[in-house]
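Asks:
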Amino acid sequence: MPPLKAAPPSIPVSAKSQSPRSFLYTTLAQTHLGERAALIISTLISFGRLSARELAQKSRLPVSVVKTSLVSLVQLQCVLYWKADTATYYCFHEEGLDKLLYSGDIVSMIEGKYNDGVSAEIVQNVLSMGHLRVGDYLSTGDKKLQIEIQKKFSTLFQDGYLIPLRSIHFSPINDVWLRTMKIAKDSLPFSATISETKRLAEATKIAKDKLLELLETPKAMEVFVSHNALGKVINPDLPLTFNLARFQKSLRTESLVSFATARVGSLTSQVYKAILSHLEKLSPDIQHPFQKIPGLLTDPDDLRHFTYSREEKETAKWLTFNANDVMKQLPKTIDLRKSIVSAPISGKRPRVKEGKQAKRVKTEYGAAMPPATPQSEPYNLSENDDDEECVSQNGYVDTTVLVSASLVQSHLKLMSSNSVPFLLETTPGNFVIPFNKLTASLKQFTYDALLQGTLTENPASLRILRCIREFRLVEEKQLCAAALIKEKDFRSCVVPLMRLNIIEVQEVPRSVDRSAARAVYLYRFKSELTMELISNSLMYNIGQLLEGIQDMKRNNAILLDKANRDDVKGKEEELLLASELSELKNLQSSEVNSIALANRVRSLFDVLHVF
1 MPPLKAAPPS IPVSAKSQSP RSFLYTTLAQ THLGERAALI ISTLISFGRL SARELAQKSR
61 LPVSVVKTSL VSLVQLQCVL YWKADTATYY CFHEEGLDKL LYSGDIVSMI EGKYNDGVSA
121 EIVQNVLSMG HLRVGDYLST GDKKLQIEIQ KKFSTLFQDG YLIPLRSIHF SPINDVWLRT
181 MKIAKDSLPF SATISETKRL AEATKIAKDK LLELLETPKA MEVFVSHNAL GKVINPDLPL
241 TFNLARFQKS LRTESLVSFA TARVGSLTSQ VYKAILSHLE KLSPDIQHPF QKIPGLLTDP
301 DDLRHFTYSR EEKETAKWLT FNANDVMKQL PKTIDLRKSI VSAPISGKRP RVKEGKQAKR
361 VKTEYGAAMP PATPQSEPYN LSENDDDEEC VSQNGYVDTT VLVSASLVQS HLKLMSSNSV
421 PFLLETTPGN FVIPFNKLTA SLKQFTYDAL LQGTLTENPA SLRILRCIRE FRLVEEKQLC
481 AAALIKEKDF RSCVVPLMRL NIIEVQEVPR SVDRSAARAV YLYRFKSELT MELISNSLMY
541 NIGQLLEGIQ DMKRNNAILL DKANRDDVKG KEEELLLASE LSELKNLQSS EVNSIALANR
601 VRSLFDVLHV F
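For the sequence shown, UniProt numbering assigns the number 1 to the initial residue and increments by one for each residue that follows.
1) Buried or exposed for Asn243, please, with buried defined as at least 16 other CB atoms from any protein chain shown within 10 angstroms of its CB.
2) Would the beta-carbon of Leu132 fall within 9 Å of that of Pro239?
3) Between the Cα of Gln409 and those of Lys562, Ile275, Asn564, Leu597, spot the shortest distance and give me the residue it belongs to.
4) Per DSSP, what kind of secondary structure is Val107 in: helix, strand or coil?
5) Exposed or buried, which one is Ile558 when buried takes at least 16 other CB atoms within 10 Å?
6) Just to confirm my understanding: we take Leu188, look at its own chain, exclude 5 residues before and 5 after, and list those with CB closer than 7 Å. What are they?
7) Identify the residues that DSSP records as bridge partners of Tyr90: which are they?
8) Could you check the C-alpha separation between Ser171 and Pro294 for me, to the nearest Å?
9) Using the rule of at least 16 other Cβ atoms within 10 Å of the residue's Cβ for burial, across every protein chain shown, is Lys571 buried or exposed?
10) For Val505, name the three-state secondary structure that DSSP assigns.
11) Might you give, ordered along the chain, the residues of its own chain that have their beta carbon closer than 6 Å to the beta carbon of Arg469, omitting 5 neighbours on each side?
12) Looking at the structure shown, is Thr427 part of a helix, part of a strand, or coil, going by DSSP?
13) Do the region 26-34 and the region 537-551 make contact, defined as three or more Cβ pairs closer than 8 Å?
14) Is the distance from the Cβ of Ser535 to the Cβ of Phe259 below 9 Å?
15) Could you give the DSSP three-state label for Thr193: helix, strand or coil?
16) By a C-beta neighbour count over all protein chains shown, 10 Å radius and 16 as the cutoff for buried, is Tyr148 buried or exposed?
17) Among Met415, Glu507, Leu500, whose alpha-carbon lies nearest the alpha-carbon of Glu475?
18) Drop a sphere of 10 angstroms on the beta-carbon of Pro378, count the other beta-carbons inside from all chains shown, and report buried for 16 or more, exposed for fewer.
19) Assuming contact is defined by CB atoms lying nearer than 9 Å, are residue 612 and Leu587 in contact in what I supplied?
20) Taking only the alpha-carbon atoms, compute the straight-line gap between Met531 and Gln329 and give it to the nearest angstrom.
21) In the DSSP assignment, find the unbroken beta strand (DSSP E) run with Pro239 in it and report its ends.
22) Report the three-state DSSP secondary structure of Tyr523 (helix, strand or coil).
23) For Val107, collect the residues of the same chain with a Cβ closer than 8 Å to its Cβ; drop the 5 residues on either side in sequence, then sort them by chain order.
24) Mind checking which residues open and close the alpha helix (DSSP H) that includes Val607?
25) Short check: CB of Lys443 to CB of Phe306, under 9 Å?
26) Evaluate contact between the region 40-53 and the region 66-74, counting only Cβ atoms and requiring at least three cross-stretch pairs below 8 Å.
27) Measure from the alpha carbon of Ala539 to the alpha carbon of each residue in Val607, Leu336, Pro300, then state which is nearest.
28) What number of angstroms, rounded off, separates the C-alpha of Gln287 from the C-alpha of Ile503?
29) Could you give the distance in angstroms between the alpha-carbon of Thr456 and the alpha-carbon of Val264?
30) Within 10 angstroms of the Cβ of Tyr521, are there 16 or more other Cβ atoms? Answer buried if so, exposed if not.
31) Can you give me the start and stop residues for the alpha helix (DSSP H) that Ile286 sits inside?
32) Could you spell out the range, first to last residue, of the beta strand (DSSP E) harbouring Leu162?
33) Please report how far the alpha carbon of Ala460 lies from the alpha carbon of Cys493, in whole angstroms.
34) For Arg133, write down the residues that DSSP places opposite it in a beta bridge.
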C-alpha cells in the first residue's frame, strides 16, 4: 500500500495578523489564485527576498510545487525575480495583486469608455493571463473579427492602457537602481581634482537619467509594423500587459470630479470632468519611479527639488488649455445657460451718499417726513450679461446656444479662484491643473470627512484638530482660546483624538523634579503617521470583507456545488427546494453587498494612500 501524501500546509494565522498589508494580499491571493499561491505570497511578505529553496523551507512546500507556482505568479507579476551570482531570488510585488483587486472596475471602465465588449474582453484576457501577444489572441478568435480586434488593440495601446512587456517589468526596481548606480559610479574614475561628494552627485544624476530611460514606454514606431490591408498594426509577436498607472489616473479623475461637485457645483464639475478626461493620458503618473526606491528621496533638498520638478512638469505646454480648448471637449448635451450670475442680487435699501442729506418735507399734519427714496430697479440677469446668452450680429438674443466661450471662461475663473486649487491660471486665459496641490487638498478633505463621521458624539474634537493642524505645536490654554472651548470641557473633547492616535501629546516639565502636576502639555499633529494609520485600517477592512465572502461560500459549499452542476444550471426552480432557492438568493445578495462595500472602502483607500 503506497504511503499517504501529507495534506498541503494551510495558511498560518500569522500571515493575516502580522500586518494589514499581509492580511489583504494573502486573502486576495487565496480568493483568486488558491491556497498555495496565498501561502507563497504570505511567506514572501513575511521574510522578504528568498530563493526557491529557501521559500520551500519557509512555506513547508515541496520545491517542485514552489517552482511551478512561481511560474504563474511571475507571469501575473505578483512576484518579481532577480538573478544574482549565486542564485535567483524572488520578492513580492503588489502591482500584480492590485490588478486582480481592480479587475472588475477595470473591465467595466473599459466597456463604458469604448462602448463595446471587444475591448473589455481583450483587457479581461490580459488581466487573467498577465500578458499576451496579439498574434496568439488572433489565432484563437474568429478570422472575420481579426481586423476589428487589431484596431481595438491599437486603440488601447495609443490610449495607454496596454504597454509592451519587457524584462524590466519582472525585476525589482530597487535592484535595477542599484545596478544602474554601480555602473554610473564605475564610469566616473577617481580624480584628485573632484571630491567624492561631487562624484557621487554626478553618478546619481547619470543613474537617474538612465533609470528613466529604461522605464520609458517604447515609442509607436517601435511597436507598430506595416500591414498590407490595415496599414500600421501592432507587432503580433510583441507581448502586451495592462498599465495599472494609466487606470489609476482614471480613478483620480473620478475622485477629483466628485470633489469638484462638492465644492463648486455639478455644472462646473462637468466642465472640470471634460478637462480631466482630455488631459488624463498626458498628465504625469500618480507615483513617480523614484518614490518606489527606498532611501532615494530622504534628503530634504533632494525631496524639495523633486517636488519642484514635478510641479514644473504640470505647467508644461501640452497640459495648458484655455476656454476654446475646453469647449471642444464638452458634451453636446450640456447646458451652461444661466449657470453663472455675474452680479449679486441684493434686496437691501441703497445707502444715502455722504454729503447729500435727505430733504425733510412738511406734511399737512405738521410732521416732517423724509422724501420717499425711489426704489432701485430689480437686477435683470439677461441685461448686459454675455455669460448667459449670446447676442447675434443683428442685435437679437440667441437663446439656443447652450455653451459659449465666455461662459466656459467664467467657470474656469470660478475654479481657479476657489480656496481649493482646482485650476491654476498661468497666464491670462490659460490654465493648468496643479495635481500635487490638488491631491493634497483632496486627502485632507476626505480625512476630515471620515473624522466627522466617526466623531459624531464629539463635534468639537474636529475643531480642535483643525486648530492643532494650524498651529502645529500648541499648548492647552492657547488651544482652548483658539477653538472657543472651555478648559473644563477640553479634556473630554481631546480624549477621542488621542484614543484614535490622531494627535500626539508632549509633556514639558516646568520644575526640576518633573512634577506632572506642574507640567505643560503640548499637542502635535503629524499627517503622514495619521494617513498611514487610517490607510492600514482601510486595508484591513477590505481584507475582512473579502474573507467574509470566502467564509460564506465555504460554509455553504454543498449548496453551491449542487447549484453549479451542469444538470442543475438553468433548472434551479425545478430541481432545488424552496429553502435552497431562498438561501441562494440570500447568499447572492450578501456577496453583492460585501463587494459594493469593499469597493467603497477601496475608493477611500485610493484617495488616502494611492494618490
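Note that the Cβ used here is the ideal one computed from N, Cα and C, for glycine as well.
Replies: In brief:
1) buried
2) yes
3) Ile275
4) helix
5) exposed
6) Arg199, Glu202, Ala203
7) Leu50, Tyr81
8) Distance between the alpha carbons of Ser171 and Pro294 is about 15 Å.
9) By the neighbour-count rule (16 or more Cβ atoms within 10 Å), Lys571 is not buried but exposed.
10) strand
11) Phe525
12) strand
13) yes
14) no
15) It is coil, neither helix nor strand.
16) According to the sequence provided, residue 148 is Glu. The question's Tyr does not apply to it. Exposed, since its Cβ has fewer than 16 Cβ neighbours within 10 Å.
17) Glu507
18) With a pLDDT of 39 at Pro378, under the threshold of 50, the modelled position of this residue cannot be trusted; read the value that follows with caution. It is exposed - the Cβ of Pro378 has fewer than 16 other Cβ atoms within 10 Å.
19) Residue 612 lies beyond the stretch modelled for the chain, which goes from 1 to 611, so this question has no answer here.
20) 36 Å
21) Pro239 -> beta strand (DSSP E) spans 239-242.
22) strand
23) Once the five neighbours on either side are set aside, the close Cβ partners of Val107 are Ala120, Val123, Gln124, Leu127.
24) Premise fails: Val607 is in no alpha helix (DSSP H) and is neither H nor E.
25) no
26) yes
27) A small correction: the amino acid at residue 539 is Met; Ala does not occupy that position in the sequence shown. Considering only alpha carbons, the answer is Val607.
28) 28 Å
29) 26 Å
30) exposed
31) From DSSP, Ile286 is part of no alpha helix (DSSP H); its letter is neither H nor E.
32) 162-164
33) 6 Å
34) Pro239
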